[in-house]
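See below for the structure under consideration.
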Amino acid sequence: MSFKRRENFQPSDKLLVLVGSKNPVKISCTEDAFTRAFNKSFLVEGINASSGVPEQPVGNRETLLGAKNRAFNSREIFPEANYWVGIEGGVDEDEKGMFAFAWIFIVDKMGKTSQSKTGTFYIPTAVASLVSEGMELGKADDSVFNKDNSKQQGGSVGILTHGVVDRTEYYRQAIILALIPFLNENLY
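Structure, rendered in structure tokens:
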């Protein structure tokens with residue numbers, strides 16, 4: 006188990022949110038989204054949780070399943086949290102080419118769930134070719150753009166927008182949208 010239980014964690018402390026990944030971008034955007042949405046501070050930690058899908062999910066169904074699995078597997082590993090968040094990036098293709106997106110899946114301590122999807126953007130042909138050959142998108146970006154571990158930084162979206170939209174900003178909005186049922190419990 007890669008998550009260390011905090012001996013001093015008390016119920017009166019900030020609410021605990023577990024992200025089913027150790028990726029610092031996913032952790033920081035989750036913390037920012039929860040803080041903005043609820044207008045209070047949260048303790049947000051990352052935990053290695055299996056997605057149960059290939060390293061590079063393809064299509065909505067597989068990508069959403071990866072996000073769900075990360076959230077539920079995080080809950081299984083550390084059931085004392087208040088929320089569990091799965092974030093899974095995927096790719097798909099249409100007549101225009103290959104595009105990227107991510108699914109967010111959230112579970113609360115009562116078992117209530119919600120989900121949201123990011124916007125999509127098209128991937129350059131050189132990157133798409135590597136992904137089609139089985140390479141994960143972040144590694145393909147690193148190869149084509151001569152970067153190192155870009156998925157733990159601005160990601161593909163950051164590279165392609167020249168930093169105007171980085172991975173943190175890209176995920177943050179979708180996390181806030183996935184929080185709508187938790188912000189409006191009387192309506193959901």
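Counting in my numbering, the sequence shown tops out at residue 193, every number present.
In this text, a Cβ means the ideal position worked out from N, Cα and C, and glycines have one as well.
- In chain order, Thr68, Leu69, Ala72, Glu93, Lys122 place their CB closer than 6 Å to the CB of Trp108, counting only its own chain and leaving out the 5 sequence neighbours on each side.
- Residue burial annotation: Val112 is buried, with at least 16 other C-beta atoms found within 10 angstroms of its C-beta.
- Annotation for Val149: Ala131, Val132 place their beta carbon closer than 6 Å to its own, counting only its chain and skipping 5 residues before and after.
- Secondary structure at Lys122: strand, using DSSP grouped into helix, strand and coil.
- Bridge partners of Phe39 according to DSSP: none are assigned.
- Looking at the DSSP output, Ala105 sits in a beta bridge with Val96, Phe126.
- With contacts defined by Cβ atoms closer than 9 Å, Val58 and Val96 do not form a contacting pair.
- Under a 10 Å Cβ-count criterion, Ser26 is classified as buried, with 16 or more other Cβ atoms of the shown protein chains found around its own Cβ.
- Contact annotation: Phe104 and Phe126 have beta-carbon atoms nearer than 9 Å.
- By the neighbour-count criterion, in which 16 or more other beta carbons inside 10 Å mark a residue as buried, Ile180 falls on the buried side.
- Residue state for Tyr175 is assigned as helix, using DSSP reduced to three classes.
- Scanning its chain for C-beta atoms nearer than 6 Å, with the 5 sequence neighbours on each side dropped, one finds around Val170 the residues Val162, in chain order.
- Listed in chain order, the non-local C-beta contacts of Asn74 below 6 Å within the same chain comprise Ser56, Gly57, local neighbours out to five positions each way being set aside.
- Annotation for Tyr193: Pro186 place their beta carbon closer than 7 Å to its own, counting only its chain and skipping 5 residues before and after.
- Following the DSSP letters along the chain, one finds Glu60 in no beta strand (DSSP E), marked with neither H nor E.
- Between Pro84 and the set Lys101, Glu98, Arg66, Ile52, the nearest pair of CA atoms involves Ile52.
- Of the other Cβ atoms in all chains shown, fewer than 16 fall within 10 Å of the Cβ of Lys101; this residue is therefore exposed.
- In the structure shown, Val90 adopts extended strand secondary structure according to DSSP, grouped into three states.
- Within its own chain, no residue has a Cβ closer than 6 Å to the Cβ of Asn151 once the five positions on either side in sequence are excluded.
- In this structure, Gly159 sits near Arg172, with a CB-CB distance shorter than 9 Å.
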